[in-house]
Amino acid sequence: MENLTPEQETFLADLFPSDALLLRPEQTAVFSTDASRLRAAPLAVVRPKNREQVAELLHWAHSERIPIYPRARGTGTVGNAVPAKPGIVISMLAMNRILDIDDRDFVAVVEPGVVTGDLQRTVSERNMFYPPDPASSGFSTVGGNVSTCAGGLRAVKYGVTRDYVLGLEAILPGGRALRSGGRAHKDVVGLDLTRLFVGSAGKLGVITELTLKLLPKPETTASVLAGFPDIRRAMDGAAAIFRAGMLPAALEFMDKATLTALDIAGTSPLPKEAQAALLVRVDGSEAVVNAETDRLQAALQKARPVHLMTGRDENEEALWDVRRGISPASFHLKPDKLGEDIAVPRGKVAEAVEGVHAIAAKYNLTIMCFGHLGDGNIHVNTMYNASWPEEADNAAMAKGEIFRLALSLGGSISGEHGTGLTKAAYVDLQLDADQQALMADIKRIFDPHGIMNPGKGW
Ligand SMILES: Cc1cc2nc3c(=O)[nH]c(=O)nc-3n(C[C@H](O)[C@H](O)[C@H](O)COP(=O)(O)OP(=O)(O)OC[C@H]3O[C@@H](n4cnc5c(N)ncnc54)[C@H](O)[C@@H]3O)c2cc1C
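Under the working numbering, the first residue of the sequence shown is numbered 31, with each subsequent residue one higher.
Here is the structure:
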């Protein structure tokens, strides 16, 4: 299908009046890409305000066999929101109401287009806490986070988005509504259809409502940034924290190339002797955080850091600004990036990082490793110049080797970003034919004509 027919356009115009339907290329261009920077033009973009419009659209698209691409803020880095085959992008951003926050049930009921940071702030004002905290929380949505099972900085202690989804409403191809789960924090009756949607990347249906678990808000937090002479000593520091019986609220690491990028950007407070760093947060009551900060410093001292800084109150976020500055700083090294997020068992992080550094040396590339040490989720950024063909080829070859390395260590080719378009060709490395066939069967039950987010691997 190259274009919509006049009848199809009329149907959409009736269902999505005024600017809820975008057809002209200059209107739809912004919906053709996401943070992967891959691009494909949609036939149309629709912006529903309610579940009834979503249901009618999916009833029609199912019978017309027209691909549907759910989309939120487009911050996904693997091309999951890119309309890979001609079809209709359904932007969920107009469904952005917080419907209920209940401090007796400890749940929030929201529409999917709510920005995660807005939800976090709103529940925090009620002394509650929504822990999933992707680095994009200020601009990505709860619906996008659920559809990708977003992880983030606090996953080491609090788990990932999956652990906070109690229930949902989704509209399936054909227009049927699925309501699954609810406000109960426990439920073991039947298969877990709610969690099946978590991480399904818009391939089963369109999520129109979510019931999310909340926690009591920790009273306070404190953070420590420690610089080490090499990555092994940084890993020793992390091991010492766990050996001391502590479970930090966040445990991030940065390698030498990452610190070099921050140094060039002028955003690293660490001295030049620091060739690796750990950034750790603890949370809890005032008394607990005071005690934990002392224990944390003592544990880190065992690995003999070259520099150690503690942040409390207004000084604390400045330490986290260092972490948030990595992505923009990376482009001081090279203009282009292949960004991966391999995951390995926690005890294998040092081996994985050293393996990646060996791959960097083999292909004469600069590869940054940083990220969620506490859950073994390493962001591997291969920096290169796309206009130099040899370097671009080397970056592509390094990518395959990095995935094989992660798998050889018992890990995964993606811990949180998913496979989308950028990793579709590598899914076979991790999932065998039986696993993929089962997943295809499950998808067919929800989406017999394959209209939901096609062209993305499985
Ligand atoms: C600077 C930066 C930092 C990041 N940090 C992290 C991080 O720490 N952890 C992490 O996990 N990710 C991170 N990401 C990746 C990205 O932010 C997440 O994948 C996020 O969950 C995507 O949310 P979104 O609202 O932008 O969704 P989109 O990118 O628009 O969509 C993502 C997927 O969800 C599907 N989808 C969206 N809404 C619905 C719906 N209502 N129903 C069904 N399917 C739907 C889409 O089809 C697509 O497959 C980062 C990205 C950037 C740019």
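The beta-carbon is built from N, C-alpha and C at its ideal position, and this holds for glycine as well.
- Approximately 6 Å separates the beta-carbon atoms of Val254 and Gln327; this is inside 8 Å, confirming the contact.
- Around the beta-carbon of Met31, fewer than 16 other beta-carbon atoms lie within 10 Å, marking it exposed.
- Excluding five sequence positions before and after Ala287, the CB atoms of its chain that fall closer than 6 Å to its own CB belong to Thr396 and Met398, given in chain order.
- With contacts defined as CB atoms closer than 7 Å, Val172 and Val195 fail to qualify as a contacting pair.
- Ranking Asn80, Leu338, Lys79 and Gly104 by CA distance to the CA of Thr63 puts Gly104 first.
- When Gly232, Ala268 and Ala454 are compared, the shortest CA-CA separation from Gly377 is found for Ala268.
- In the pairwise beta carbon analysis, the segment 83-90 is classified as not touching the segment 128-141: fewer than three pairs are separated by under 8 Å.
- Relative to ligand 1, Met122 has its C-beta within less than 6 Å of a heavy atom.
- In the same chain as Arg342, and ignoring 5 residues on each side of it, the C-beta atoms closer than 7 Å to its own belong to Ala252, in chain order.
- Remark: C-beta atoms of Gly211 and Thr224 approach each other more closely than 7 Å.
- In this structure Leu451 is not in contact with Gly189, their Cβ atoms being roughly 28 Å apart against a cut-off of 8 Å.
- In the structure shown, Phe283 adopts extended strand secondary structure according to DSSP, grouped into three states.
- Placement of the Cβ of Ile131 at a distance of 6 Å or more from every heavy atom of ligand 1 is found.
- With a cutoff of 7 Å on beta-carbon distance, Ala291 and Ala382 are scored as not near each other.
- Pairing Pro97 with Ile481 gives a Cβ-Cβ distance under 7 Å.
- In the assembly as shown, Leu308 is a buried residue. Its beta-carbon has 16 or more other beta-carbons within 10 Å.
- Here Ile481 carries a coil assignment [DSSP, helix/strand/coil].
- The shortest C-alpha to C-alpha distance from Met276 to any of Asp458, Phe61, Val186 and Pro36 is the one to Val186.
- Proximity of the segment 412-432 to the segment 139-155 falls short of the contact definition, fewer than three beta-carbon pairs being nearer than 8 Å.
- In the structure shown, His447 falls within a coil segment according to DSSP collapsed to helix, strand and coil.
- Taking the C-beta atoms as reference points, Ile118 is found nearer than 7 Å to Leu73.
- In the same chain as Arg95, and ignoring 5 residues on each side of it, the C-beta atoms closer than 7 Å to its own belong to His479 and Ile481, in chain order.
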